[in-house]
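Report on the following structure.
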Amino acid sequence: MANIKPFACVRPNKEVASQVAALPYDVYNREEAKEAVKGNPRSFLNIDRAETQFDDSIDIYAPQVYQKAKELLDRWMADKTLITDEEKCYYIYQLIMDGRTQTGIVACSSIDDYQNNIIKKHEKTREEKEIDRINHVDICNAQTGPIFLAYRANETINRIVSKQIEKTPLYHFISEDRITHNVWKIEEKEDIDAICTAFSKINQIYIADGHHRAASAVKVGLKRRQENPEYTGNEEFNYFLSVLFPDEQLKILPYNRAVKDLNGYSKMEFLELVSKSFKVTLMGTEGYQPTTKGTFGMYLDEQWYELTAKNRITAQKDPVKSLDVAILQDYLLHPILGIDDPRTDKRIDFIGGIRGLSELERRVRKDSRVAFSMYPTSIEELFAVADAGLLMPPKSTWFEPKLRSGLFIHKL
C-alpha cells in the first residue's frame, strides 16, 4: 500500500514560473550549466548547480557550493520569488510534447515505501553521484528536483485529474524546447482524500527516472531519523518529492550507442562475426530506425544496416536478457567489440534518442567507428524487470519530456 501524501509546496510566484523552471541538474556538464544560467538569474539551475556562481577554480562539490545553493534558496523565499502554500495539497503537472500529453500527480512519497520495495527500482546507483545530491538536499533542507514515478493507471485518479484540469491552470507556459507546461492545484478535501485512498490501494510504483535523486533523498531521510531518535514518521524528512504518472501516458525513447573502434577487426571480419547472431541487411545511406523489438540499426562506413537477432536469441523469457539493450550487449558489444562493462568502458558512448539518427552519423564521422540505433524499451518491460527485483543494463531508457526543477520544492 503506497503512502503518497499531499504537502505544503514551495513554488515560484506566477509571474516568474517560466523563468524559474529549469531542466534537471544532471542533464548539464559544468560548462553547459554556466552557459544556461547566463542572462537568466531566475533559472533554478542557479540553485541546483550552484557552482555556476563561482569561477572554475572552485570544485563543484566544495562545501561553499552547497552553502551558496542554500543562500540563494533562502533569498528567493524571502523576496517572494518563491512562495509557500500554507495548506497541504496535491498538484497536477502536465507536459505536452509533439502533440503527446502526460499528466501526473505532484506529491510526496514515503521513504519506507522505497525501503520496502513498494517503490521499485530498475537501475543501479553510484555512490559518488548520490553524495552530491545528499549534500544538496541536506544543506538546503529541501528537495528541489522531483523524482519521476510511474504506476498502472487508476480509474479514480484519472477521473479526478480529468475534472481538475478543466479549471484555470496555476501556471501555463511553453519552454524554449517547445514543451507546454501546465500546473493545477488540487485543494478540495474530497479529492485529496480520494487520491490518497486510491494510492493506498496500489502496491507497485516504479521509478521511471531519477534513481540517484530518490536514493539521495531517502538517505537524507534516514540520516535525519538517526539525528532525531524520537521521530514519529510524520516529519517531512520521511518523504520525498515525486511526480507520479499513469503508465498509459508514458513513452520511452531509445538510448542509442556509439563505439570508438572495431576492437582490432577489419570491417569484413566484424560483419562476419556479427552475422553469427544477427541477420545483417544493407539498408543504404538513409538513417534506419528499428520499428520492431529484436532489430537494430547499425551505421558503419557511411552505410546503414539492419541487424535482426536470430530466433534463438529473441526466444529468451528472462525479463533482462530479453531486453534489446541486453541482446546488443550480450551478443555484439561484449563478445565482438570487447565492451565488458558499459558503465566504465571509455570506448562506448550513449546518445539519447531525442538527438536523432543524424547525431549517430555525426559521431561516427567525428570520433566513433560504429553506431547503433535502438528500438526503445517499453514501459511494460521496465515494470517486468522491476517486479522481478532485477536491474536493467545501463542506459536502457530515455524519458522525454524531462520534468522541470524549481516548480515544486519540498522543504524538510
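Residues 1 to 412 in our numbering are what the sequence shown spells out, letter by letter. By construction, the Cβ of each residue, glycine as well, lies at the ideal position given by its N, Cα and C atoms.
Please report the Cβ distance between residue i and residue j, rounded to the nearest whole angstrom; I am assuming they are in contact, meaning their Cβ atoms lie under 8 Å.
i: Thr295; j: Tyr206; result: That pair is no contact at about 26 Å.
i: Leu253; j: Ile354; result: 6 Å
i: Leu103; j: Val161; result: Checking the displayed sequence, the identity of residue 103 turns out to be Thr instead of Leu. 6 Å between Cβ atoms; contact.
i: Asp209; j: Phe148; result: 4 Å
i: Tyr90; j: Ile192; result: 6 Å
Near residue i, which residues of its chain fall below 6 Å by C-beta distance, leaving aside the five closest residues on each side in sequence?
i: Asn238; result: Ile111, Gly221
i: Asn182; result: Gln94, Pro169, His172
i: Gly352; result: Trp398
i: Ala309; result: Phe278, Gly294, Ile327
i: Asp478; result: The structure shown has nothing for residue 478, since the chain only spans 1 to 412.
i: Gln53; result: Lys68
i: Val20; result: Pro12, Arg42, Phe44, Gly406
Note down, in chain order, each residue of its chain lying with its Cβ closer than 8 Å to the Cβ of residue i, except the 5 sequence neighbours on either side.
i: Lys413; result: Outside the shown range of the chain, which is 1 to 412, sits residue 413, and nothing can be said about it.
i: Glu286; result: Trp304
i: Asp113; result: Ala2, Asn3, Ile119, Ile205
i: Leu390; result: His122, Pro319, Val320
i: Tyr28; result: Ala36, Leu45, Arg49
i: Pro393; result: Val320, Leu323, Val325, Ala326, Gln329, Pro342
Relative to the alpha-carbon of residue i, which residue among the options has its alpha-carbon at the smallest distance?
i: Leu300; options: Ala384, Ala258, Ile83, Ala326; result: Ala258
i: Leu241; options: Val364, Ala315, Ile105, Asp55; result: Ile105
i: Ala142; options: Ile202, Glu235, Thr52, Lys38; result: Glu235
i: Lys14; options: Lys68, Glu51, Lys185, Gln64; result: Lys185
i: Val370; options: Glu381, Arg213, Arg347, Ile379; result: Arg347
i: Leu382; options: Pro401, Leu360, Ser322, Ile313; result: Ser322
i: Ser109; options: Ser216, Gly99, Lys5, Ile179; result: Lys5
i: Leu412; options: Gln19, Thr101, Asp55, Ile139; result: Ile139
i: Val137; options: Ser275, Lys223, Glu302; result: Lys223
i: Ser216; options: Gln53, Ala22, Glu128; result: Glu128
i: Ile179; options: Val364, Ser378, Leu23, Thr344; result: Leu23
i: Glu361; options: Lys317, Ala315, Gly284; result: Gly284
i: Lys276; options: Gln115, Val20, Asn311; result: Asn311
Could you name the residues of the same chain whose beta carbon sits closer than 7 Å to that of residue i, not counting the 5 residues immediately before and after it, in chain order?
i: Glu86; result: Ala8
i: His334; result: Asp340
i: Glu269; result: none
i: Ile60; result: Arg30, Glu51
Do the CB positions of residue i and residue j come within less than 8 Å of each other?
i: Gly297; j: Ser373; result: yes
i: Ala153; j: Pro246; result: yes
i: Ile92; j: Gln164; result: yes
i: Lys124; j: Ala386; result: no
i: Arg11; j: Ile336; result: no
i: Asp177; j: Ser405; result: no
i: Ala107; j: Leu407; result: no
i: Ile83; j: Tyr151; result: no
i: Tyr331; j: Ile313; result: yes
i: Leu45; j: Ala33; result: yes
i: Thr156; j: Gln249; result: no
i: Val280; j: Leu403; result: no
i: Gly145; j: Arg213; result: yes
i: Ser368; j: Lys267; result: no
i: Phe350; j: Lys395; result: yes
i: Asn263; j: Gly338; result: yes
Restricting to runs no shorter than 4 residues, where is the alpha helix (DSSP H) found entirely within the stretch 124 to 172? With a minimum length of 4 residues, the unbroken runs of alpha helix (DSSP H) contained wholly in the stretch 124 to 172 fall at 127 to 140, 155 to 164.
Unbroken alpha helix (DSSP H) runs of length 4 or more, entirely within the stretch 30 to 80: which are they? Unbroken alpha helix (DSSP H) runs of no fewer than 4 residues, entirely contained in the stretch 30 to 80, are found at 30 to 37, 45 to 48, 63 to 78, following chain order.
Just list the beta strand (DSSP E) runs in the stretch 202 to 286, keeping only unbroken ones of 3 residues or longer that don't cross its boundaries, in chain order. Runs of the beta strand (DSSP E) inside the stretch 202 to 286: 205 to 209, 239 to 246, 255 to 259, 278 to 284.
What are the complete alpha helix (DSSP H) segments, minimum 4 residues, inside the stretch 75 to 119? Counting whole runs of 4 or more residues, the stretch 75 to 119 contains the alpha helix (DSSP H) stretches 111 to 115.
Unbroken alpha helix (DSSP H) runs of length 4 or more, entirely within the stretch 294 to 326: which are they? Those alpha helix (DSSP H) runs which fall completely within the stretch 294 to 326 and span 4+ residues are 311 to 314.
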